[in-house]
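All residue numbers in the sequence shown are consecutive under my numbering, ending with 320. Built from N, CA and C at the ideal position, the CB exists for glycine as well. Computed from a prediction, not measured in an experiment: that's the story for all the values here. For reference, the structure is listed below as structure tokens.
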Amino acid sequence: MKYTLKQLMVFDAIATLGSVSQAADKLALTQSATSMSLSQLEKMLGHPLFERVGKRMILTHWGQWLRPKARALISDARQIELGFSGQHLLSGEIRLGASQTGAEHLVPELISRIDSDFPEIQVRVDVANTEAVIEGVLKHRFQLGVIEGRCDDARIAQQTWCYDHLAVVAGKHHPYAKLERISLTQMEQANWVLRERGAGTRAIFDSALHGLIDNLNVRHEYEQVSILRSLVAKGNYLSCLPYLEVEAAVARGDLVCLNVPELNMERRLSFIWRADSALHPLRDCLMAEARHIQKRRSLRA
20 MKYTLKQLMV FDAIATLGSV SQAADKLALT QSATSMSLSQ LEKMLGHPLF
70 ERVGKRMILT HWGQWLRPKA RALISDARQI ELGFSGQHLL SGEIRLGASQ
120 TGAEHLVPEL ISRIDSDFPE IQVRVDVANT EAVIEGVLKH RFQLGVIEGR
170 CDDARIAQQT WCYDHLAVVA GKHHPYAKLE RISLTQMEQA NWVLRERGAG
220 TRAIFDSALH GLIDNLNVRH EYEQVSILRS LVAKGNYLSC LPYLEVEAAV
270 ARGDLVCLNV PELNMERRLS FIWRADSALH PLRDCLMAEA RHIQKRRSLR
320 A
């Protein structure tokens with residue numbers, strides 16, 4: 020087999036960007052050289068790696084099969100190059116997709132620790148809801164993801180990072196704020212603002228309500244937790260949010276956690292990655308550092 024690393028890098032860049040011209044710009048090649056490199060690779064392998072859909076390049080079955088293996092070879096080649104140039108053996112860039120709670124409350128400390136202990140590692144973070152993070156991992160946009168809840172897709176490997184719980188919250192002036200407990204009937208009668216469908220928080224809340232309440236009066240749905248906090252603090256709404264997201268507002272007295280005995284909404288935050296991906300030292304490093312952080316927190320608690 021006589022394929023080259025250059026051909027694999029061209030293939031990976033086109034798969035990432037969906038465009039021959041954009042891949043050429045990224046790799047500092049001419050468009051004709053980029054097209055020729057892909058054509059030679061497809062001819063050598065005997066299978067088309069992309070379908071041309073309009074101006075977009077979409078991976079075929081064979082392209083999807085090749086992608087993780089090509090990325091592993093490219094990563095190994097870069098590690099060899101970095102090692103022999105005298106740089107830290109754990110060097111390079113990793114793209115992390117994280118849901119809002121993880122991105123705001125857990126990832127900053129992780130990146131700070133990585134920056135201190137492994138200064139040659141660059142962590143790029145994209146914030147999205149759980150559904151979008153899973154899709155990003157499956158489509159190779161992220162080498163590692165942080166999601167809320169669990170993922171049952173067999174293509175995804177998963178490892179628990181930590182646990183927290185969801186809280187039903189009201190503003191301090193809400194009629195329910197001074198009640199010792201809230202019934203399911205009272206919940207059904209209230210006005211709600213919630214995370215959008217596809218968010219891990221929303222999925223856990225909907226699951227907890229299944230079989231208990233048929234319909235809630237959901238007035239607004241937002242992706243941004245800060246908007247939901249503000250609406251609840253200043254309006255006549257209830258919401259269900261991660262306790263990590265409301266802890267400070269509860270301590271200030273702006274929000275009140277309501278006691279709803281029928282609801283158990285503990286959840287986990289987990290790392291995810293493609294189950295068919297090759298060994299990835301940067302990914303393993305991030306998860307190992309996250310475990311150290313969580314262990315230290317447990318000891319303090």
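Nearest by alpha-carbon distance to Leu277: which of Gln50, Lys197, Ala43, Glu139 is it?
For the purposes of this step, residue 277 is identified with residue 258 of the sequence shown, where counting begins at 1. When each option's Cα is compared against that of Leu277, the closest is Lys197.
What do you get for Thr63, buried or exposed, if any count of 16 or more other CB atoms within 10 angstroms of its CB means buried?
Taking the first residue of the sequence shown as position 1, residue 63 is located at position 44. A small correction: the amino acid at residue 63 is Met; Thr does not occupy that position in the sequence shown. Met63 is exposed by the Cβ-count criterion.
Identify whether Ile52 lies in helix, strand or coil by the three-state DSSP scheme.
Against the sequence shown, residue 52 aligns to sequence position 33. Residue identity differs from the one stated: residue 52 is Ala in this sequence, not Ile. Here Ala52 sits in helix by DSSP.
Across which residues does DSSP place Phe290 in a beta bridge pair?
Numbered from 1 along the sequence shown, position 271 holds the residue referred to as residue 290. BP columns for Phe290 point to Val165, Gln178.
What does DSSP give as the partner residue(s) for Ser258 in the beta ladder?
By one-based count along the sequence shown, residue 258 stands at place 239. Bridge partners of Ser258: Val188.
Mind checking whether Arg143 and Glu112 have CB atoms under 8 Å apart?
Mapped onto the sequence shown, residue 143 falls at position 124. Mapped onto the sequence shown, residue 112 falls at position 93. Contact flag set, yes.
Cβ neighbour criterion (16 or more within 10 Å) applied to Val275
Counting from 1 along the sequence shown, the entry for residue 275 is found at position 256. That one is buried.
Closest Cα partner of Ala222 within the set Ile130, Asn255, Gln178, Arg287
Walking along the sequence shown from the start, residue 222 turns up at place 203. Ranking Ile130, Asn255, Gln178, Arg287 by Cα distance to Ala222 puts Arg287 first.
Endpoints, alpha helix (DSSP H) assigned at Ala42:
Locating residue 42 in the sequence shown gives position 23, counting from the first residue. From DSSP, the alpha helix (DSSP H) with Ala42 extends over 39-46.
For Asp295, the three-state DSSP class (helix, strand or coil)
Residue 295 sits at position 276 when you count from the first residue of the sequence shown. If DSSP states are grouped into helix, strand and coil, Asp295 belongs with coil.
When DSSP builds the beta bridges, which residues end up paired with Ile140?
Here residue 140 refers to the residue found at position 121 when the sequence shown is read from its first residue. Its beta-bridge partners are Gly111.
Rounded C-beta distance between Ser289 and Thr120? I'm assuming under 8 Å.
Here residue 289 refers to the residue found at position 270 when the sequence shown is read from its first residue. Here residue 120 refers to the residue found at position 101 when the sequence shown is read from its first residue. That belief does not hold up - the Cβ atoms of Ser289 and Thr120 are roughly 12 Å apart, past 8 Å.
For Gly105, collect the residues of the same chain with a Cβ closer than 7 Å to its Cβ; drop the 5 residues on either side in sequence, then sort them by chain order.
Within the sequence shown, numbered from 1, the residue matching residue 105 stands at position 86. Here Gly105 scores only 48 on pLDDT, less than 50, and its place in the model is too uncertain to base an answer on.
Looking at C-beta atoms only, is the number of pairs between the region 60-76 and the region 130-141 that lie closer than 8 Å three or more?
Touching, no.
Beta-ladder partner(s) of Tyr241, from DSSP:
Mapped onto the sequence shown, residue 241 falls at position 222. Note: Tyr241 sits in a beta bridge opposite Arg214.
Based on the DSSP output, what are the partners of Phe71 in its beta bridges?
In the sequence shown, counting from the first residue as 1, residue 71 sits at position 52. The residue asked about is misnamed: residue 71 is Arg in this sequence, not Phe. Met76.
Inter-residue Cα distance where the pair is Ile249 and Ile153:
Taking the first residue of the sequence shown as position 1, residue 249 is located at position 230. Taking the first residue of the sequence shown as position 1, residue 153 is located at position 134. The displayed chain sequence assigns Ser, not Ile, to residue 249. Taking the straight line from one Cα to the other gives about 28 Å.
Excluding the 5 residues preceding and the 5 following Glu199 in the sequence, name in chain order all residues of the same chain whose CB lies nearer than 8 Å to its CB.
Here residue 199 refers to the residue found at position 180 when the sequence shown is read from its first residue. Around Glu199: Asn278.
Would DSSP call Cys276 helix, strand or coil?
Within the sequence shown, residue 276 is the residue found at index 257, counting from 1. Three-state DSSP puts Cys276 in a strand.
Considering only the beta carbon of each residue, do Glu240 and Arg214 sit closer than 8 Å?
The sequence position of residue 240 within the sequence shown is 221, counting from 1. The sequence position of residue 214 within the sequence shown is 195, counting from 1. A contact, by the Cβ cut-off of 8 Å.
Where the alpha helix (DSSP H) through Ser226 begins and ends
Along the sequence shown, read from residue 1 onward, the residue named residue 226 stands at position 207. From DSSP, the alpha helix (DSSP H) with Ser226 extends over 219-228.
Whole angstroms are fine: how far does the CA of Ile33 sit from the CA of Gln41?
Here the question's residue 41 lines up with position 22 in the sequence shown. Here the question's residue 33 lines up with position 14 in the sequence shown. The alpha-carbon atoms of Gln41 and Ile33 are separated by roughly 8 Å.
From Tyr256 to Val265, what does the alpha carbon distance come to, in whole angstroms?
Working through the sequence shown from its first residue, we reach residue 256 at position 237. Working through the sequence shown from its first residue, we reach residue 265 at position 246. The alpha-carbon atoms of Tyr256 and Val265 are separated by roughly 15 Å.
Secondary structure of Asp183, DSSP reduced to three states:
As a position in the sequence shown, residue 183 is number 164, starting the count at 1. If DSSP states are grouped into helix, strand and coil, Asp183 belongs with the strands.
Output needed for Lys336: all residues of its chain with C-beta closer than 8 Å, excluding positions within five of it in sequence on either side, in chain order.
Because the chain here runs from 20 to 320, residue 336 falls outside it and cannot be looked at.
Are the beta-carbon atoms of Gln14 and Arg86 separated by less than 8 Å?
Past the edges of the chain, shown from 20 to 320, lies residue 14, and the structure says nothing about it.
Please state if the CB of Ile175 and the CB of Arg293 are separated by a distance shorter than 8 Å.
Numbered from its first residue, the sequence shown carries residue 293 at position 274. Numbered from its first residue, the sequence shown carries residue 175 at position 156. Yes. Within cutoff.
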